[in-house]
Amino acid sequence: MDSSDTTDEQKKTYDQKTFFKIVGSFAVAETLVWAAYYYSFAAFFPTWETELEFSKPVLTGAFTMALIVAAFAAPLVGRMIDFGHGKSLFAGGALVAGVLLLLLSQVTEVWQFYLIWFGIGLAMSSSLYEACFAIITYTMGVEARKAITYVTLIAGFASTISFPSAHILIKFFDWRIALIVFGVIIISVAVPLIIYGSKQAAHYARAKPQSPSPTARKAMMVAKTWTFWFIAVTFTLAACAHGMITTHMLPILIGRGFTAEMAVLGASMIGPMQVAGRVIMTLFERHVSVLAICLVSFVSIFIAGLALYYSNTIPLAIAVFVIGQGAGYGVFSIIRPTIIAQLLGRQNFGIIAGFLAIGFMLGSAVSPTIASLLWEASDYDLVILVAASLPIVSLMTLTCAWRYKTKSSDKK
Numbered sequence: 559m560d561s562s563d564t565t566d567e568q569k570k571t572y573d574q575k576t577f578f579k580i581v582g583s584f585a586v587a588e589t590l591v592w593a594a595y596y597y598s599f600a601a602f603f604p605t606w607e608t609e610l611e612f613s614k615p616v617l618t619g620a621f622t623m624a625l626i627v628a629a630f631a632a633p634l635v636g637r638m639i640d641f642g643h644g645k646s647l648f649a650g651g652a653l654v655a656g657v658l659l660l661l662l663s664q665v666t667e668v669w670q671f672y673l674i675w676f677g678i679g680l681a682m683s684s685s686l687y688e689a690c691f692a693i694i695t696y697t698m699g700v701e702a703r704k705a706i707t708y709v710t711l712i713a714g715f716a717s718t719i720s721f722p723s724a725h726i727l728i729k730f731f732d733w734r735i736a737l738i739v740f741g742v743i744i745i746s747v748a749v750p751l752i753i754y755g756s757k758q759a760a761h762y763a764r765a766k767p768q769s770p771s772p773t774a775r776k777a778m779m780v781a782k783t784w785t786f787w788f789i790a791v792t793f794t795l796a797a798c799a800h801g802m803i804t805t806h807m808l809p810i811l812i813g814r815g816f817t818a819e820m821a822v823l824g825a826s827m828i829g830p831m832q833v834a835g836r837v838i839m840t841l842f843e844r845h846v847s848v849l850a851i852c853l854v855s856f857v858s859i860f861i862a863g864l865a866l867y868y869s870n871t872i873p874l875a876i877a878v879f880v881i882g883q884g885a886g887y888g889v890f891s892i893i894r895p896t897i898i899a900q901l902l903g904r905q906n907f908g909i910i911a912g913f914l915a916i917g918f919m920l921g922s923a924v925s926p927t928i929a930s931l932l933w934e935a936s937d938y939d940l941v942i943l944v945a946a947s948l949p950i951v952s953l954m955t956l957t958c959a960w961r962y963k964t965k966s967s968d969k970k
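With our numbering, letter number 91 in the sequence shown gets 649, and the count goes up by one each step, no holes.
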């Protein structure tokens with residue numbers, strides 16, 4: 559073996575080790591941030607309703623506001639990531655969220671609750687998947703899709719951690735202590751991991767990425783295409799469908815005759831099913847198109863909705879719901895960056911993904927309140943039926959996005 563072969567082998571080994579340092583750090587960090595200040599809202603929801611005596615619309619309104627704030631901050635965050643500020647934004651967002659969780663543990667008034675969730679919304683914009691995926695896409699090039707898959711395989715267990723841990727801490731202590739524990743973990747574990755992973759990513763990136771367009775207006779020329787807007791509608795509806803169910807999952811399941819413990823178990827299993835769906839996707843992704851993967855995902859979520867609807871008369875249908883909802887949405891959530899890159903390109907990825915995140919986050923934002931209003935107007939049966947219909951509409955709009963992309967390519 560000559561010296562050049564040795565050098566290539568050493569470089570390959572270094573790359574592989576660094577790759578998994580980045581993936582491991584980001585995976586654990588994302589698991590913790592999703593568990594602590596996204597899924598925790600649903601986990602604490604019934605307790606807050608009882609202890610704070612806030613109504614369902616008031617409670618979900620705070621979460622809706624947080625996600626709206628995160629949505630409209632996403633393009634600015636994406637633009638800053640385009641210019642190399644990903645590390646500071648990612649770590650800073652998690653740190654701010656950790657501190658706000660500590661403050662959330664002390665609230666007694668509605669205005670305090672809303673003020674803190676406003677701040678958490680800003681933190682979400684730079685510390686959830688959108689920012690993490692943008693950093694990975696820029697630094698890892700062709701390996702980005704594999705890295706994103708690995709990160710989300712681990713982070714898929716966020717709900718599995720959030721629901722049981724919140725339930726146990728509330729049972730043995732109270733919800734205020736539980737939030738303090740969550741906040742401390744974010745500050746002491748997640749933030750250092752983000753800083754470490756970002757440093758490793760900076761070393762890993764060898765190829766210079768495409769320079770971002772000099773102005774946001776030029777960067778967003780894709781917004782003049784039908785493809786962009788069909789993708790935006792798809793992301794919005796899919797997020798809304800998932801959010802309507804997950805934020806109300808505990809009261810929905812309890813209302814359908816399941817015990818509180820069984821409801822927590824069912825909610826906790828969504829995460830492992832997300833992971834299972836992503837594992838299955840990795841086995842078949844080389845043999846099927848991205849559109850086909852999305853087709854299976856949306857049909858799976860639709861079937862899950864029907865199973866949940868009939869779970870009050872067919873208890874075993876809850877298993878179909880957990881598998882379908884978890885696996886279907888789990889796959890779709892990690893294929894989104896690939897959809898954007900494949901249909902709209904990688905240049906200016908941060909700001910483009912940021913603008914598309916507005917729709918995705920708005921869908922997540924309005925879904926808890928929409929579900930609350932539907933519940934007040936009728937009952938949770940209506941919530942389930944509406945949520946089950948949205949994936950089918952999402953499939954239609956995504957198909958249109960591919961169709962217009964194909965037409966555009968043919969014209970060229």
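C-beta: ideal position from N, C-alpha, C; glycine also.
Within 10 angstroms of its Cβ, does residue i collect 16 or more other Cβ (buried), or is it exposed?
| i | result |
| --- | --- |
| residue 566 | Model confidence at residue 566 stands at a pLDDT of 46, short of 50, so the residue's coordinates are unreliable; what they give is reported in the following sentence. With fewer than 16 Cβ atoms within 10 Å of its Cβ, residue 566 is classed as exposed. |
| residue 869 | buried |
| residue 817 | exposed |
| residue 574 | exposed |
| residue 850 | exposed |
| residue 569 | Any answer about residue 569 is weak, because its pLDDT of 46 lies below 50 and its placement is not dependable; what the coordinates show is given next. Exposed is the call here. |
| residue 934 | exposed |
| residue 839 | buried |
| residue 961 | exposed |
| residue 806 | buried |
| residue 913 | buried |
| residue 800 | buried |
| residue 846 | exposed |
| residue 952 | buried |
| residue 735 | exposed |
| residue 874 | exposed |
Note down the Cα distance separating residue i from residue j, rounded to an integer number of angstroms.
| i | j | result |
| --- | --- | --- |
| residue 942 | residue 599 | 20 Å |
| residue 720 | residue 617 | 18 Å |
| residue 746 | residue 666 | 26 Å |
| residue 659 | residue 922 | 20 Å |
| residue 620 | residue 755 | 32 Å |
| residue 862 | residue 879 | 4 Å |
| residue 836 | residue 865 | 21 Å |
| residue 834 | residue 824 | 15 Å |
| residue 712 | residue 587 | 10 Å |
| residue 740 | residue 594 | 6 Å |
| residue 677 | residue 819 | 32 Å |
| residue 749 | residue 657 | 11 Å |
| residue 685 | residue 626 | 15 Å |
| residue 930 | residue 716 | 24 Å |
| residue 654 | residue 681 | 6 Å |
| residue 751 | residue 583 | 5 Å |
| residue 950 | residue 730 | 43 Å |
| residue 957 | residue 795 | 14 Å |
| residue 722 | residue 899 | 36 Å |
| residue 606 | residue 664 | 12 Å |
| residue 737 | residue 635 | 27 Å |
| residue 973 | residue 671 | Here the chain comprises residues numbered 559 to 970, so residue 973 is not present and cannot be evaluated. |
| residue 810 | residue 783 | 40 Å |
| residue 954 | residue 742 | 44 Å |
| residue 924 | residue 798 | 7 Å |
Can you name the start and end residues of the alpha helix (DSSP H) that residue i belongs to?
| i | result |
| --- | --- |
| residue 971 | With the chain represented from 559 up to 970, any question about residue 971 goes unanswered, as that position is not in the structure. |
| residue 637 | 614-640 |
| residue 666 | Counting along the chain, residue 666 falls outside any alpha helix (DSSP H), and DSSP gives it neither H nor E. |
| residue 549 | Since the first residue of the chain shown is 559 and the last is 970, residue 549 is not available in this structure. |
| residue 895 | 875-902 |
| residue 779 | Where residue 779 is concerned, there is no enclosing alpha helix (DSSP H), given that its DSSP letter is neither H nor E. |
| residue 927 | 907-935 |
Residue i and residue j look like a contact to me (Cβ under 8 Å); what is the Cβ gap, rounded to whole Å?
| i | j | result |
| --- | --- | --- |
| residue 785 | residue 901 | 5 Å |
| residue 705 | residue 893 | The Cβ separation is near 14 Å, so there is no contact. |
| residue 725 | residue 822 | 5 Å |
| residue 602 | residue 787 | About 36 Å separates the two Cβ atoms, so there is no contact after all. |
| residue 639 | residue 702 | Contact flag wrong, Cβ pair sits at about 13 Å. |
| residue 928 | residue 802 | 6 Å |
| residue 789 | residue 959 | 5 Å |
| residue 753 | residue 649 | 5 Å |
| residue 920 | residue 629 | 5 Å |
| residue 859 | residue 886 | 4 Å |
| residue 576 | residue 758 | 6 Å |
| residue 651 | residue 683 | 7 Å |
| residue 918 | residue 793 | 4 Å |
So, is the C-beta of residue i closer than 9 Å to a C-beta in chain B?
| i | result |
| --- | --- |
| residue 944 | In summary, chain B is missing from the structure at hand, where a single protein chain is found. |
Q. Hey, which unbroken runs of the alpha helix (DSSP H) at 4 residues or more fall wholly within the segment 806-864?
A. List check, alpha helix (DSSP H) in window: 807-813, 818-826 and 828-842.
Q: May I have a chain-ordered list of the alpha helix (DSSP H) segments no shorter than 4 residues that lie completely inside the segment 644-726?
A: Those alpha helix (DSSP H) runs which fall completely within the segment 644-726 and span 4+ residues are 644-662, 668-685, 687-698 and 702-713.
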